[in-house]
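Trainee:
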Amino acid sequence: GRQEGRQEATLKIAHALLNSGIDRETVMKTTGLSQNELEQIDNDASSNFLG
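In the numbering used here, each number is its position in the sequence shown, counted from 1, plus 2.
1. Could you give the DSSP three-state label for Leu35: helix, strand or coil?
2. When DSSP labels each residue in this structure, what does Leu52 get in the three-state scheme?
3. For Ile15, which of helix, strand or coil comes out of DSSP?
4. Quick check: what's the CA-CA separation for Ile43 versus Gly34?
Next comes the structure, spelled out in structure tokens:
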């Protein structure tokens, strides 16, 4: 539902920030994501999960 949509949006934002050269610490503080979630973004991006 809505929570899943918000989580997906947050992951896409974090992915964009990381691609823009923002450091992981800042991305974690800004998005509220954990280190593990950022690692998941890296893994998912490799498989083109985020489009």
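Note that CB positions come from ideal geometry on N, CA and C, so glycine has one too.
Mentor: Quick look at the numbers:
1. The answer is coil: DSSP assigns Leu35 none of H, G, I, E or B.
2. Residue placement at Leu52 cannot be trusted, given a pLDDT of 49 that sits under 50; what the coordinates show is reported in the next sentence. Coil.
3. helix
4. Rounded to whole angstroms, Ile43 to Gly34 spans 14 Å at the Cα level.
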